[in-house]
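Trainee:
Residue numbers (this note's numbering), protein chains in the order written: chain W, 3 to 270; chain A, 593 to 698; chain L, 5 to 121.
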């Protein structure tokens, strides 16, 4: 019955998509692009000075939207930190620390990690010249830190530092955006700094700096997102209130009572 | 030429998605999901979107897999959601990840 | 001759449909999250394909070449952020699943009253 209803719903969705399909081909004219993309491609060099047009779109044309997206990411990190304070056992106490992956894995991870961080920083810094930028680079740095945990190293994540970095990067984003008010036609996130020589490292005005802020914010947020899950408290008690970063005393006690009722199965 | 490679990878993606949804073991479903992301990153390179490809490769194949494995590890003692599973499936407590009670798809 | 865009439309629609089917039919909450992830990937491929033109170049200016035959940068910028947000949402969902298991001792959606038929 459930499967039949699911198949019916999916069939309706497929019918809807099939009805949608011819409309998708109308917008792509033979000459290439719909108008907005073509306009941006034509004006990107003069308006933003960034060789990578995707970066120009993310930071300048849609800058306010990117601020919103980073806020959404922060909200999800907040939710994970609050929810994870009520989890039961310490995964890395039982899963990885018991056998530490061996000599080769441990030293391989330790050797590899700075290079991955270096690649991430390179990707962030060159975001306006080559593929990459704050989002991919930040993700790569988070991956590097996580490789170190996976190899069984006894890493204590500096949660205080991570939250400070995150907040500072968010403030930096807004501060660099407020530089736009210095412009003649004062608007938030306007590109007021000198644009420099096109296709060189010091070009595109404020774009590389804002994207670096996005990179720091994404890296610290993703790192704390995964680290909060891995360093989860033992027996329902937060191992360290600072480890959760955002958990207040009230939340911690609430999670203890929630974990106390942990085995109440909700059978109907 | 590119069109044939795209066709091949697209068929591969759909097959892997089916395998991830219908595979009997949850652990292999997670690994198939990460492979799916990796091939999707290859597809993004072919349609001239390298920025998207870097992000997809790093997130889809590294971080998502790790978080799924963590979730699987934490819920490993749960009676799996299945009509045909034995009533007291929770008593088959498993120590390691590989001994998760394999749930046939519902 | 089938164009690349048509292949990718078919592929992304298939992925969205498979993910939706998994969300509707599966009862294991982790499998539901896997289905949502597959649908997410399908949507991302669809968005990138919307900006693709046949034989298009990467939207990055290189020395001596103008903006001719570049693909649309807007969908790529959208997808770039959507992937990162999607990861955050996935982690949030999985944390909720872990919390549900701690609280109710099951990850079967049909045993949680009122969650699923």
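Using N, Cα and C, we set each Cβ at its ideal position, and we do this for glycine too.
What is the rounded straight-line gap between the Cα of residue 229 of chain W and the Cα of residue 221 of chain W?
Mentor: For residue 229 of chain W and residue 221 of chain W, the distance between alpha carbons rounds to 12 angstroms.
Trainee: If I measure Cβ to Cβ from residue 52 of chain L and keep anything under 7 angstroms in the same chain, skipping five residues before and after, which residues do I get?
Mentor: So the list reads 79, 80, 83, once near-sequence residues are dropped.
Trainee: Classify residue 162 of chain W as buried or exposed, calling it buried when 16 or more other Cβ atoms lie within 10 Å of its own Cβ.
Mentor: Residue 162 of chain W should be labelled exposed.
Trainee: Going by other Cβ atoms of all chains shown within 10 Å of its Cβ, with 16 needed for buried, is residue 597 of chain A buried or exposed?
Mentor: That one is exposed.
Trainee: Over what stretch of residues does the alpha helix (DSSP H) that includes residue 48 of chain L continue unbroken?
Mentor: Its alpha helix (DSSP H) spans residues 33-54.
Trainee: For the alpha helix (DSSP H) containing residue 76 of chain L, list its first residue and its last residue.
Mentor: That residue, residue 76 of chain L, is in no alpha helix (DSSP H); it is neither H nor E in DSSP.
Trainee: Nearest chain W C-beta to residue 622 of chain A closer than 8 angstroms, yes or no?
Mentor: For residue 622 of chain A, the answer is no, since every Cβ of chain W falls outside 8 angstroms of its Cβ.
Trainee: Taking only beta-carbon atoms, is residue 137 of chain W less than 8 angstroms away from chain A?
Mentor: Chain A, which has a Cβ nearer than 8 angstroms to the Cβ of residue 137 of chain W, makes this yes.
Trainee: Strictly under 8 angstroms for the Cβ-Cβ distance: is residue 55 of chain W near chain A by that measure?
Mentor: With 8 angstroms as the cut-off, residue 55 of chain W does not count as an interface residue toward chain A.
Trainee: Tell me which residues of the segment 23-53 of chain L have at least one Cβ-Cβ distance to chain W shorter than 7 angstroms, keeping chain order.
Mentor: Within the segment 23-53 of chain L, the qualifying residues are 24, 25, 28, 29.
Trainee: Return no unless some Cβ of chain L is closer than 8 angstroms to the Cβ of residue 71 of chain W.
Mentor: At least one chain L Cβ lies under 8 angstroms of residue 71 of chain W.
Trainee: Please list the residues of the segment 638-657 of chain A that have a C-beta atom closer than 7 angstroms to any C-beta atom in chain W, keeping them in chain order.
Mentor: The residues in question are 642, 643, 646, 647, 650, 651, 654, 655.
Trainee: Would you report the Cα separation of residue 35 of chain L and residue 177 of chain W, rounded to the nearest angstrom?
Mentor: Taking the straight line joining both Cα atoms gives about 42 angstroms.
Trainee: Runs of 4 residues minimum, wholly inside the segment 112-199 of chain W: which ones carry the alpha helix (DSSP H) assignment?
Mentor: Fully enclosed alpha helix (DSSP H) runs of 4 or longer: 136-152, 161-180.
Trainee: Take every Cβ of the segment 144-153 of chain W, pair it with every Cβ of the segment 169-183 of chain W, and state whether three or more of those distances are shorter than 8 angstroms.
Mentor: They do not touch, by the three-pair rule.
Trainee: Our contact map puts residue 223 of chain W next to residue 85 of chain L with C-beta atoms below 8 angstroms; I'd like the distance itself, whole angstroms only.
Mentor: That pair is no contact at about 13 angstroms.
Trainee: Might you give, ordered along the chain, the residues of its own chain that have their beta carbon closer than 6 angstroms to the beta carbon of residue 50 of chain L, omitting 5 neighbours on each side?
Mentor: Correct list, in chain order: 16.
Trainee: So which residues of chain A does residue 145 of chain W contact, with C-beta pairs closer than 8 angstroms?
Mentor: Correct list: 650, 654, 655.
Trainee: Using a Cβ-Cβ cut-off of 6 angstroms (strictly less than) and excluding sequence neighbours within five positions of residue 189 of chain W, which residues of its own chain qualify?
Mentor: Closer than 6 angstroms at the Cβ level, and outside the excluded window around residue 189 of chain W, lie 182.
Trainee: Would you kindly work out how many angstroms separate the C-alpha atoms of residue 619 of chain A and residue 664 of chain A, rounded to a whole number?
Mentor: Those two C-alpha atoms are separated by around 8 angstroms.
Trainee: If you drop the 5 nearest sequence neighbours on each side, which residues of the same chain put their C-beta closer than 8 angstroms to that of residue 27 of chain L?
Mentor: Only 36, 39, 40, 43 meet the Cβ criterion.
Trainee: Below 8 angstroms on the Cβ atoms is my guess for residue 210 of chain W versus residue 129 of chain W; work out the distance and round it to an integer in Å.
Mentor: Confirmed, about 7 angstroms.
Trainee: Since residue 80 of chain L meets chain W, which of its residues come closer than 7 angstroms, beta carbon to beta carbon?
Mentor: Correct list: 56.
Trainee: Distance, Cα to Cα, residue 599 of chain A vs residue 106 of chain W?
Mentor: Approximately 40 angstroms between the Cα atoms of the pair.
Trainee: Using three-state DSSP, classify residue 616 of chain A as helix, strand or coil.
Mentor: Residue 616 of chain A: coil per DSSP, three-state reduction.
Trainee: Count the other C-beta atoms from every protein chain shown that fall within 10 angstroms of the C-beta of residue 6 of chain L, then say buried if there are 16 or more, exposed otherwise.
Mentor: Its Cβ having fewer than 16 others within 10 Å, residue 6 of chain L is exposed.
Trainee: Over what stretch of residues does the alpha helix (DSSP H) that includes residue 215 of chain W continue unbroken?
Mentor: First-last of the alpha helix (DSSP H) with residue 215 of chain W: 209-232.
Trainee: Quick one, which residues of the segment 195-209 of chain W are near chain L if we go by CB-CB under 9 angstroms, in chain order?
Mentor: Here the close residues are 200, 201.
Trainee: Check residue 64 of chain W in the structure and name its three-state DSSP category.
Mentor: Correct three-state label for residue 64 of chain W: coil.
Trainee: Alpha carbon to alpha carbon, how far is residue 197 of chain W from residue 207 of chain W? Give it in angstroms, no decimals.
Mentor: Those two C-alpha atoms are separated by around 4 angstroms.
Trainee: If you run the structure through DSSP and keep just helix, strand and coil, what is residue 117 of chain L?
Mentor: Residue 117 of chain L falls in the coil class under three-state DSSP.
Trainee: Could you tell me which of W/39, W/134, W/152 sits nearest to residue 109 of chain W, measuring between CA atoms?
Mentor: It is W/152 whose Cα lies nearest to the Cα of residue 109 of chain W.
Trainee: Counting only Cβ pairs nearer than 9 angstroms, list the residues of chain W close to residue 659 of chain A.
Mentor: Those within 9 angstroms of residue 659 of chain A in chain W are 227, 228, 231.
Trainee: Let me make sure I understand the geometry here. Which of W/142, W/165, W/187, W/195 has the alpha-carbon closest to that of residue 656 of chain A?
Mentor: Looking at the Cα atoms, W/142 is the closest of the given residues.
Trainee: Going along chain L, which residues have a C-beta under 8 angstroms from residue 667 of chain A?
Mentor: Within chain L, the residues near residue 667 of chain A are 34, 101, 102, 105, 111.
Trainee: Rounded to whole angstroms, what's the CA-CA distance from residue 19 of chain W to residue 19 of chain L? Just pull it up for me.
Mentor: The alpha-carbon atoms of residue 19 of chain W and residue 19 of chain L are separated by roughly 12 angstroms.
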